[in-house]
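Okay, structure first, notes after.
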Amino acid sequence: MHDLVIECPVHLTESNRDELRLLYADLRDHYARRDDRDGTRTTLHFVWSGDLDAELFGATYADQRHIFTASRPILNSTQNGLQETNRRLSGCYQPNGASL
Numbered sequence: 139m140h141d142l143v144i145e146c147p148v149h150l151t152e153s154n155r156d157e158l159r160l161l162y163a164d165l166r167d168h169y170a171r172r173d174d175r176d177g178t179r180t181t182l183h184f185v186w187s188g189d190l191d192a193e194l195f196g197a198t199y200a201d202q203r204h205i206f207t208a209s210r211p212i213l214n215s216t217q218n219g220l221q222e223t224n225r226r227l228s229g230c231y232q233p234n235g236a237s238l
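If you read the sequence shown in my numbering, its first letter stands for residue 139, the second for the next number, and so on.
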């Protein structure tokens, strides 16, 4: 089995959170079928653009955890880099970049 990484550029707003939940479910189902067929393991890498609101981002990340469960690896990063987003995922957002 070989690993693939698929980048998914996304922009988060309050008005598109419901659409993102549908997107997550569609991606989960599509890549589950494809991975089973092709013998691959696909990692979805969501690359977020725009100014992310910490509370809204936390909510859509919770949606990801709920929809994908352990079905596949998921990465989240901003266009500015993975490190800042990982801090947001591990706890409350620290604007000064402090470790959590």
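All C-beta atoms in this analysis are idealised placements derived from N, C-alpha and C, irrespective of residue type, glycine included.
Going by beta-carbon coordinates alone, are residue i and residue j separated by less than 8 Å?
{"i": "residue 210", "j": "residue 169", "result": "yes"}
{"i": "residue 198", "j": "residue 158", "result": "yes"}
{"i": "residue 240", "j": "residue 188", "result": "In the structure as shown, the chain begins at 139 and stops at 238. Residue 240 is therefore absent and cannot be evaluated."}
Closer than 8 Å by C-beta to residue i: which residues in its own chain qualify, once you throw out the five before and the five after it? Chain order, please.
{"i": "residue 163", "result": "205"}
{"i": "residue 181", "result": "141, 142, 143, 144, 210, 211, 212 and 213"}
{"i": "residue 166", "result": "205, 206, 209 and 210"}
Relative to the C-alpha of residue i, which candidate in the options has its C-alpha closest?
{"i": "residue 208", "options": "187, 179 and 194", "result": "179"}
{"i": "residue 194", "options": "175, 155, 148 and 146", "result": "155"}
Assuming residue i is part of the beta strand (DSSP E), what are its boundary residues?
{"i": "residue 216", "result": "212–216"}
{"i": "residue 191", "result": "From DSSP, residue 191 is part of no beta strand (DSSP E); its letter is neither H nor E."}
{"i": "residue 150", "result": "Looking at the DSSP string, residue 150 is not in any beta strand (DSSP E), and its letter there is neither H nor E."}
For residue i, report the span of its alpha helix (DSSP H) as first-last.
{"i": "residue 167", "result": "155–176"}
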